[in-house]
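Comments concern the structure below.
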Ligand SMILES: Cc1cc2nc3c(=O)[nH]c(=O)nc-3n(C[C@H](O)[C@H](O)[C@H](O)COP(=O)(O)OP(=O)(O)OC[C@H]3O[C@@H](n4cnc5c(N)ncnc54)[C@H](O)[C@@H]3O)c2cc1C
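Residue numbers (our numbering), protein chains in the order written: chain A, 28 to 406; chain B, 476 to 737.
What follows is the structure, given as structure tokens:
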């Protein structure tokens with residue numbers, strides 16, 4: 028067993044950490060307050076090849092693999108989780124499905140610009156009436172004269188406003204349930220494709236989440252992604268990877284909470300001593316640090332399994348579940364350690380809590396992760 | 476333009492408390508993370524910018540342990556072309572003169588126009604390695620440089636003096652320049668650069684390989700002997716002033732006045 032990162036992984040981690048701490052952390056509070064999508068940061072990230080990380084060199088990627096990508100997600104999210112989710116949604120569930128299931132032609136057309144950071148991608152699975160129960164998809168796609176005609180709504184779609192391409196799921200064989208769902212590559216500029224005003228959210232305010240409306244959107248027949256009727260199976264697979272990145276996002280936020288709480292505890296004095304000298308505070312910090320480290324191990328291992336081509340469905344669900352719950356608990360404890368100051372906008376810990384909460388909801392709620400894990404246990 | 480850039484692997488002492496080993500001569504660095512010395516990072520950027528403008532080649536040179544290769548490769552990832560790492564326990568690292576002799580030994584026999592170093596290292600603050608290196612190489616030098624302009628066969632550099640004064644000098648090549656922080660904006664290595672860096676040449680050499688006599692750079696050759704390192708005792712001199720605001724202000728003014736601070 029070897030837990031060490033390779034030289035290039037260490038370098039990637041260090042570069043992304045320096046970049047995120049210098050360029051992103053100082054503006055994260057303002058981005059949150061203004062709800063501003065940081066286009067300039069996205070451009071800088073593209074120039075540093077960050078969008079290329081998880082893809083192979085054949086498709087504009089760097090070939091560094093998923094673990095390297097996870098290190099980047101963690102470091103970015105440690106500075107700004109909004110930017111973390113923009114990045115993760117683009118790479119893992121936006122571009123990921125085309126990379127996994129696309130034809131050579133589709134990959135050249137779409138993965139290459141996405142990996143080069145010239146285009147953002149989004150993933151449209153959730154619908155108003157089909158959330159956790161994605162098999163209940165209502166959007167339809169009908170073949171007409173060599174074109175797919177798509178009708179339906181997708182809600183809560185990350186990057187919807189800025190994406191050049193959206194992967195969506197739609198029913199192609201009504202009455203066949205999950206086996207009647209297929210996936211499609213839908214260019215953003217298709218006629219009949221519109222995006223609502225972004226949602227007003229609790230956290231992740233500098234990320235873009237909006238609803239997509241498709242009204243007789245026509246796309247070429249060969250924009251079907253993978254085999255007809257296999258859309259459900261495909262997005263389950265895409266989500267396996269996506270969950271590892273939500274785990275990495277969670278670890279980043281949890282680490283930021285721990286860093287802030289530790290620094291504060293070593294500065295704040297009450298009853299004539301530093302609050303870090305109180306055992307009650309020490310125990311909190313010890314528990315937080317332990318949970319963060321274990322979450323990180325689980326996330327890295329899931330990524331490593333994926334890179335090795337080994338099964339990782341169970342491990343990614345476990346990593347996502349544990350890391351997201353750790354992120355919420357750690358942020359809450361950080362607020363507690365900050366006392367009243369932690370409850371104000373003056374310090375970043377309240378933002379960490381608001382951002383962390385989504386991790387227990389997106390890409391499968393904690394309840395759904397437990398279902399996935401239980402199914403893997405043979406229940 | 477052929478450039479050497481000398482970089483040092485230093486501990487980040489902001490992360491953990493500085494503790495000494497029982498020998499009293501070395502620092503326990505097990506809790507520190509190490510990275511490139513700050514000023515050297517600017518020297519790397521300057522060398523790459525000069526190469527991008529003038530063409531040529533940049534060689535990274537560092538004396539340090541195997542684990543410093545990550546730092547060396549980061550310089551390669553930013554655009555330096557190749558690297559040489561010297562590792563040899565026989566040299567006496569406490570003495571900047573001995574360090575300069577080793578660096579000079581590694582450079583000698585190779586063609587060069589410029590050697591850039593940081594103006595100081597954040598761990599031992601000698602501020603003399605670069606200048607000693609110029610002496611060992613028998614070439615010109617300028618220290619504390621915060622601007623470099625390449626001319627024909629020479630460089631025009633700004634040197635930072637006391638009180639914000641700037642000195643502008645022309646230095647004939649070959650030369651050693653010790654670079655100030657803030658001279659440029661160091662770039663981040665792009666991921667593709669990091670990948671390419673893994674394939675660039677990094678030679679690991681001993682004193683024998685570079686033709687330096689170990690006896691000439693060892694502890695016995697040095698005029699400096701490290702006697703001890705110690706952490707000065709912290710004496711608490713904080714005084715809390717009590718009373719109403721006016722009383723406190725008066726007490727404070729008296730103290731400042733007595734201390735000659737007003
Ligand atoms: C900021 C943000 C970004 C998002 N980005 C995307 C995106 O890019 N693409 C996309 O497709 N979706 C996205 N989503 C949607 C997200 O994946 C869904 O919100 C999530 O899957 C839950 O679905 P739902 O909201 O419909 O909740 P529901 O499915 O209605 O769940 C409500 C509650 O019931 C519980 N529940 C449901 N079923 C069960 C069960 N069988 N057993 C036990 N408990 C159950 C849930 O755990 C939850 O607590 C995003 C959401 C947000 C808030």
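C-beta atoms are modelled at their ideal positions from N, C-alpha and C, and glycine is treated no differently.
Treat the numbers as computed from the prediction; the structure is a model and nothing was measured.
Any heavy atom of ligand 1 within a distance shorter than 7 Å of the CB on residue 159 of chain A?
-> yes
Rounded to whole angstroms, what's the CA-CA distance from residue 203 of chain A to residue 257 of chain A? Just pull it up for me.
-> 11 Å
Residue 733 of chain B - partner residues in DSSP beta bridges = Under DSSP, residue 733 of chain B takes part in no beta bridge, so it has no partner.
Is there contact here, the region 166-178 of chain A with the region 206-214 of chain A, by at least three beta-carbon pairs under 8 Å?
-> yes
Looking only at C-alpha atoms, which of A:118, A:299, A:51, A:261 sits nearest to residue 76 of chain A?
-> A:118
Between the region 540-551 of chain B and chain A, which residues of the former have a C-beta closer than 8 Å to a C-beta of the latter?
-> 544, 545, 548, 549
Check whether the Cβ of residue 228 of chain A sits closer than 7 Å to any heavy atom of ligand 1, and report yes or no.
-> Result yes, Cβ under 7 Å from ligand 1.
Simplified DSSP state of residue 592 of chain B, which is helix, strand or coil = strand
Return yes when the C-beta of residue 471 of chain A is under 7 Å from any heavy atom of ligand 1, and no when it is not.
-> Nothing about residue 471 of chain A can be read from this structure; chain A reaches only from 28 to 406.
Hey, does residue 74 of chain A have any beta-carbon neighbour from chain B nearer than 8 Å?
-> With 8 Å as the cut-off, residue 74 of chain A counts as an interface residue toward chain B.
Own chain, CB closer than 7 Å to residue 205 of chain A, minus 5 neighbours either side, in chain order = 162, 259
The region 665-684 of chain B: positions lying closer than 9 Å to chain A by Cβ | 665, 666, 667, 668, 669, 670, 672, 673
Which residues of chain B have a Cβ atom closer than 9 Å to the Cβ of residue 80 of chain A, listed in chain order?
-> 666
Which partner residues does residue 680 of chain B have in the DSSP bridge list?
-> B:561
Can you check DSSP and say which residues form a bridge with residue 300 of chain A?
-> A:297
Which term fits residue 699 of chain B, buried or exposed, when burial requires 16 or more other beta carbons within 10 angstroms of its beta carbon?
-> exposed
Listed from N- to C-terminal order along the chain, which residues in the region 292-303 of chain A have their beta-carbon within a distance smaller than 8 Å of any beta-carbon of chain B?
-> For the region 292-303 of chain A, which is checked against every Cβ of chain B, not one residue is closer than 8 Å.
Proximity test, Cβ basis, 8 Å: residue 46 of chain A and chain B | yes
Using a C-beta to C-beta distance shorter than 8 Å, which residues of chain B count as neighbours of residue 38 of chain A?
-> 545, 548, 549, 552, 664, 669, 672
Does the region 280-288 of chain A come close enough to the region 312-332 of chain A to have 3 or more Cβ pairs within less than 8 Å?
-> yes
Which of helix, strand or coil DSSP assigns to residue 643 of chain B = strand
Start and end residues, beta strand (DSSP E) containing residue 538 of chain B = 532-538
May I ask whether a heavy atom of ligand 1 can be found less than 7 Å away from the beta carbon of residue 64 of chain A?
-> Residue 64 of chain A Cβ: outside cutoff for every heavy atom of ligand 1.
Length of the line joining the Cα atoms of residue 468 of chain A and residue 390 of chain A | Given that chain A is displayed from residue 28 to residue 406, the structure contains no residue 468 of chain A and the question cannot be resolved.
Cα-Cα, which of A:58, A:302, A:121 is closest to residue 196 of chain A?
-> Of A:58, A:302, A:121, the smallest CA-CA separation from residue 196 of chain A is found for A:121.
Compare the Cα-Cα distances from residue 87 of chain A to each of A:95, A:78, A:236 and report the closest residue.
-> A:78
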